[in-house]
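Visitor:
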Amino acid sequence: MRPTLGFVTQLGIDLDDCIRFAGREGFDYVEVLMDGDNRRGSLAERAGDVRSSLAATDLDAAVHLPFPIDLGSPHDRQREGGVAELRACLDVAADLGAGTAVVHPTATAWDAAWDGDRLRPLVYDSLDRLADHAGPLGIELCAENIFGSVHTVAEMPALLEETTVSMTLDTGHARVSGYDEADTAAFVADHADRVRHVHLNDTRRPADEHLPFGAGTIDFEPILGAFPEGWDGSLSLEVGTRDLDYIGESKRRLETVLERVDAR
Numbered sequence: 560m561r562p563t564l565g566f567v568t569q570l571g572i573d574l575d576d577c578i579r580f581a582g583r584e585g586f587d588y589v590e591v592l593m594d595g596d597n598r599r600g601s602l603a604e605r606a607g608d609v610r611s612s613l614a615a616t617d618l619d620a621a622v623h624l625p626f627p628i629d630l631g632s633p634h635d636r637q638r639e640g641g642v643a644e645l646r647a648c649l650d651v652a653a654d655l656g657a658g659t660a661v662v663h664p665t666a667t668a669w670d671a672a673w674d675g676d677r678l679r680p681l682v683y684d685s686l687d688r689l690a691d692h693a694g695p696l697g698i699e700l701c702a703e704n705i706f707g708s709v710h711t712v713a714e715m716p717a718l719l720e721e722t723t724v725s726m727t728l729d730t731g732h733a734r735v736s737g738y739d740e741a742d743t744a745a746f747v748a749d750h751a752d753r754v755r756h757v758h759l760n761d762t763r764r765p766a767d768e769h770l771p772f773g774a775g776t777i778d779f780e781p782i783l784g785a786f787p788e789g790w791d792g793s794l795s796l797e798v799g800t801r802d803l804d805y806i807g808e809s810k811r812r813l814e815t816v817l818e819r820v821d822a823r
């Protein structure tokens, strides 16, 4: 495997601190969560400074677009507003030099009135329009599997068939949706050409815990080993912490797993 390694920034940790830490620890990129202090407007005001900080530490950027933003609303103006907001976020991401943008392909319509079969085509259309906007900016749009939504991991093959977007595989979300390591590895084997980004989200049980890598019970070796030799996507550690040392330890543990995968 030849993946690049990064981590998702967390609320409560200054972005500059994350960038300096990523440079010291030898990460390839940071994935900026575009919310809270790093919401679109705030990032737009300091995009030049962030870009300079990334360059000074020889880092690339990815972004996690804000959520929940309803891309599958049956109410046209709400859906169009969501698309417009994420287009504006992609413009800011391009100013940061980001090459990947993670998006939640969700719909929040009242489930008593609207079922998933009616909402998914609306999500597909929104995603394709966002991908059309992202492409000329040099950004690859990656839709993430979201448990409890119209696009759990089980619905992602249809999304990939119906749209032009790539995929972010979230390992913890897959587990919450009932996929064990073997199921997730089989998914990877079938869709590795479209899975270009991975959120490494460890859990102890079927819950969205975002533990440090190796602190949960997910066996990541068969999942990562299901990617073909030469796969050159990106792996983001998604750790719910305000202590960056946990992310550094997660990177060391991940590198040990990747060495075992490469030694096969």
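In our numbering, the protein residues as written are 560 to 823.
Just so you know, even glycine gets a beta-carbon here, dropped at the ideal spot from N, CA and C.
As the structure is a computational prediction, the values presented were derived from the model and not from experiment.
Flag this pair as yes or no: are the beta carbons of L630 and T659 separated by less than 8 Å?
Guide: Here residue 630 refers to the residue found at position 71 of the sequence shown. Here residue 659 refers to the residue found at position 100 of the sequence shown. Contact flag unset, no.
Visitor: Run through DSSP, which three-state label would R764 get?
Guide: In the sequence shown, the residue the question calls residue 764 occupies position 205. Residue state, collapsed to three classes: coil.
Visitor: At which residues does the beta strand (DSSP E) containing L728 begin and terminate?
Guide: Position 169 of the sequence shown, counted from the start, is the residue given in the question as residue 728. 725 to 729 is the extent of the beta strand (DSSP E) around L728.
Visitor: Anyone know if the C-beta pair for T727 and V661 falls short of 8 Å?
Guide: Looking up residue 727 in the sequence shown gives position 168. Looking up residue 661 in the sequence shown gives position 102. Yes, these two residues count as a Cβ contact at 8 Å.
Visitor: Quick one: measure Cβ to Cβ for V747 and G792, integer angstroms, because I've assumed they're closer than 8 Å.
Guide: Within the sequence shown, residue 747 is the residue found at index 188, counting from 1. Within the sequence shown, residue 792 is the residue found at index 233, counting from 1. Not a contact, Cβ separation roughly 10 Å.
Visitor: Sort E788, G641, W669, V754 by Cα distance to R688 and report the nearest one.
Guide: As a position in the sequence shown, residue 688 is number 129, starting the count at 1. Considering only alpha carbons, the answer is G641.
Visitor: Residues in its own chain within less than 7 Å of V816 by CB, not counting five upstream and five downstream?
Guide: Along the sequence shown, read from residue 1 onward, the residue named residue 816 stands at position 257. F779, E780, L783, listed in sequence order.
Visitor: How many angstroms separate the CA atom of G789 from the CA atom of C648?
Guide: For this step, residue 789 is matched to residue 230 along the sequence shown. For this step, residue 648 is matched to residue 89 along the sequence shown. So the two alpha carbons sit approximately 31 Å from each other.
Visitor: Quick check: the Cα distance between R646 and I698, rounded to an integer number of angstroms?
Guide: As a position in the sequence shown, residue 646 is number 87, starting the count at 1. As a position in the sequence shown, residue 698 is number 139, starting the count at 1. Spanning the two alpha carbons is a distance of roughly 12 Å.
Visitor: Do you know whose CA, among G582, A653, Y588, D575, lies nearest L796's CA?
Guide: Here residue 796 is taken as the residue at index 237 of the sequence shown, counted from 1. Here the closest residue by C-alpha is Y588.
Visitor: By alpha-carbon positions, which one of G656, D594, M593 ends up nearest to S612?
Guide: Here residue 612 corresponds to residue number 53 of the sequence shown, with the count starting at 1. Cα-wise, what sits closest to S612 is G656.
Visitor: Give, in chain order, every unbroken run of the beta strand (DSSP E) that is at least 3 residues long and sits entirely within the region 675 to 721.
Guide: Listed in chain order, the complete beta strand (DSSP E) runs (minimum 3 residues) inside the region 675 to 721 are 699 to 703.
Visitor: Give me whichever residues DSSP pairs with H758 in a beta bridge.
Guide: Looking up residue 758 in the sequence shown gives position 199. H758 is bridged to D729, S795.
Visitor: Where does E788 fall in DSSP's three states?
Guide: What you label residue 788 is simply residue 229 of the sequence shown in a count that begins at 1. E788: coil per DSSP, three-state reduction.
Visitor: At what residues does the alpha helix (DSSP H) containing G641 begin and finish?
Guide: The count along the sequence shown starts at 1 and reaches residue 641 at position 82. Per DSSP, G641 belongs to the alpha helix (DSSP H) from 635 to 655.
Visitor: Which term fits R583, buried or exposed, when burial requires 16 or more other beta carbons within 10 angstroms of its beta carbon?
Guide: Taking the first residue of the sequence shown as position 1, residue 583 is located at position 24. By the neighbour-count rule (16 or more Cβ atoms within 10 Å), R583 is not buried but exposed.
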